[in-house]
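Below you'll find the structure, written out as structure tokens, and then a few comments.
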Amino acid sequence: MIIVMQHGASEAQIQSISKYLTSRGIHAERLDGHEQTVIGIVGKSGGYDINAMATMPGVQEVVRVSTPFRLAARTGHPDDTIITMPDGTRIGGDAPSIVIAGPCAVESYDQLRRTAEFVRNLGVRFLRGGAFKPRTSPYSFQGLGFDGLELLKKIGEEFGLFIVTEVMEPAHVPAVAEFADVLQCGSRNMQNYPLLRQLGNVRKPVMLKRGAGATVEEWLMASEYILAGGNQNVILCERGIRTFETSLRFTPDIGAVPVVKKLSHLPVIVDPSHATGQREFVGSIARAAIAAGADGLMIEVHHDPDRSLSDGAQTLTFEQFEELMGELVRVGDAVNRPLLVEPFNHTPAFSRREPSPTMGVVEPRAK
Ligand code: PEP
Ligand code: MN
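First residue of the sequence shown: 591, per our numbering; consecutive thereafter.
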């Protein structure tokens with residue numbers, strides 16, 4: 591960090607900055623120019639308040655030269671972080687880009703199984719579905735909770751799909767981690783620090799969605815909480831930000847992909863469904879994300895999106911998803927970053943099994 595003193599700052603003002611720093615055990619180097627003095631601090635930040643220093647008498651500006659996020663920064667970790675799933679599937683670095691697909695919310699056994707089977711047959715390895723739903727209105731469908739997690743786990747095991755699902759409450763983290771393969775921290779919770787700290791305590795990968803109003807730096811600082819807790823398996827997910835533009839639900843920030851890749855070693859994926867809010871635009875943003883170097887995508891799919899209990903307008907039909915997968919494979923090949931498409935070896939006894947009539951009916955969980 592560099593503190594630039596004003597033209598004509600007095601010696602007393604310069605000394606008072608130096609005293610402020612030395613009293614906090616911070617070593618500062620002073621450089622006197624013809625007209626101005628600058629004070630440089632190298633090494634650990636902390637122990638001082640940048641904003642307070644910027645308003646001290648005689649200070650012109652305080653310029654930060656190093657990033658405030660240390661563990662997430664590429665500077666101290668030049669190699670890409672590659673997250674390895676239990677079967678060896680890799681996320682990030684030079685690994686093929688992944689697709690996480692599934693409904694916005696787990697609604698029933700039948701709904702989830704149909705979608706899981708469909709996406710798995712197209713080579714998808716990650717199934718999404720919210721069991722705990724952060725809804726804008728308290729009167730909207732809030733998700734099936736732990737019963738939804740049980741459906742995710744059962745269906746995930748049947749089809750060899752990794753489960754990606756959101757956890758909203760710090761207290762739920764250990765329990766959700768038993769069902770999920772990747773824990774999702776939603777955009778609304780990106781700065782829920784108690785939740786981030788809990789996510790730092792688990793060892794399963796965490797997918798951290800960008801807050802709709804968060805800068806890239808704030809997003810990386812949020813990831814720092816998880817990394818600082820000891821969990822190195824963080825995947826960043828760009829899901830659109832709020833800008834003055836209202837033509838889409840949010841503004842997809844494709845530029846964040848190369849920016850984050852430059853600043854950080856963490857894998858970054860894009861969610862074109864929540865970013866656009868309209869299914870007709872999901873494909874364009876998904877293709878753009880792969881072309882921009884994203885390590886993966888998260889896409890909402892439902893067998894009957896118009897009857898979906900949440901986010902139907904942005905959810906792809908099976909036909910649209912199948913077409914998009916074909917396009918994404920071609921874009922991936924064109925940019926030399928293939929898409930992970932892994933054939934599913936049917937175990938006939940499983941794939942042809944009819945859901946049992948009671949499975950779709952989710953009874954309230956016994957207390
Ligand atoms: C989701 O992915 O289910 C979701 C709610 O997205 P976001 O947190 O980005 O709004
Ligand atoms: Mn959704």
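The C-beta atom is built at its ideal place from N, Cα and C for all residues, glycine as well.
Have a look at the DSSP bridge pairing and note the partners of residue i.
i	result
residue 774	756, 797
residue 674	680
residue 622	627
residue 828	860
residue 818	In DSSP, residue 818 forms no bridge with anything.
residue 888	690
residue 651	594
residue 663	854
residue 929	687
residue 708	DSSP output for residue 708 lists no bridge partner at all.
Can you look up residue i in the DSSP assignment and give me helix, strand or coil?
i	result
residue 763	helix
residue 803	coil
residue 608	helix
residue 844	coil
residue 697	coil
residue 878	helix
residue 691	strand
residue 813	helix
residue 596	coil
residue 721	coil
residue 906	strand
residue 834	coil
residue 560	The structure shown has nothing for residue 560, since the chain only spans 591 to 957.
residue 736	helix
residue 784	helix
residue 866	helix
residue 920	helix
residue 896	helix
residue 823	coil
residue 945	Residue placement at residue 945 is flagged as unreliable, the pLDDT there being 39, under the threshold of 50; the coordinate-derived value follows with that caveat. Correct three-state label for residue 945: coil.
residue 791	helix
residue 873	helix
residue 616	coil
residue 573	This structure cannot speak to residue 573, because the chain is shown only from 591 to 957.
Below 8 angstroms on the Cβ atoms is my guess for residue i versus residue j; work out the distance and round it to an integer in Å.
i	j	result
residue 793	residue 777	Actually they do not touch by this definition, with Cβ atoms about 24 angstroms apart.
residue 866	residue 694	Residue 866 to residue 694, Cβ: 14 angstroms. No contact.
residue 930	residue 715	6 angstroms
residue 593	residue 632	Actually they do not touch by this definition, with Cβ atoms about 12 angstroms apart.
residue 928	residue 883	The Cβ separation is near 13 angstroms, so there is no contact.
residue 763	residue 788	4 angstroms
residue 596	residue 648	6 angstroms
residue 819	residue 791	5 angstroms
residue 825	residue 673	7 angstroms
residue 887	residue 860	6 angstroms
residue 583	residue 830	Here the chain comprises residues numbered 591 to 957, so residue 583 is not present and cannot be evaluated.
residue 912	residue 712	6 angstroms
residue 772	residue 797	5 angstroms
residue 666	residue 637	Incorrect: roughly 20 angstroms between the Cβ atoms, too far for contact.
residue 611	residue 602	Going by Cβ atoms, the distance from residue 611 to residue 602 rounds to 15 angstroms, so no, they are not a contact pair.
residue 717	residue 746	6 angstroms
residue 864	residue 701	Between residue 701 and residue 864 the Cβ distance is about 19 angstroms, and since that is not below 8 angstroms, they are no contact.
Applying the 10 Å Cβ sphere with the 16-neighbour rule, what's the burial state of residue i?
i	result
residue 684	exposed
residue 755	buried
residue 703	buried
residue 885	buried
residue 770	buried
residue 671	buried
residue 854	buried
residue 858	buried
residue 761	exposed
residue 919	buried
residue 815	buried
residue 729	exposed
residue 699	buried
residue 579	Nothing about residue 579 can be read from this structure; the chain reaches only from 591 to 957.
residue 692	buried
residue 749	buried
residue 795	buried
residue 609	exposed
residue 879	buried
residue 639	exposed
residue 720	buried
residue 738	buried
Quick one: does residue i have its CB under 8 angstroms from some CB of chain B?
i	result
residue 708	In the structure shown, chain B cannot be found, because there is only a single protein chain.
When you measure from the CB of residue i to every non-hydrogen atom of the ligand FAD, does any distance come out below 7 angstroms?
i	result
residue 864	Ligands present in the displayed structure are limited to the ligand PEP and the ligand MN, and the ligand FAD is not among them.
*Check whether the segment 831 to 846 touches the segment 631 to 649, taking contact to mean three or more Cβ pairs, one atom from each stretch, closer than 8 angstroms.*
Touching, no, given that fewer than three Cβ pairs across the two stretches are closer than 8 angstroms.
*How about the segment 703 to 712 and the segment 655 to 666: do they share at least three Cβ pairs that are nearer than 8 angstroms?*
The segment 703 to 712, when compared against the segment 655 to 666, does not touch it at the 8 angstroms Cβ threshold.
*Give a yes or no on contact between the segment 673 to 689 and the segment 721 to 737, applying the rule of three or more CB pairs nearer than 8 angstroms.*
Contact between the segment 673 to 689 and the segment 721 to 737 is absent, because fewer than three Cβ pairs lie under 8 angstroms.
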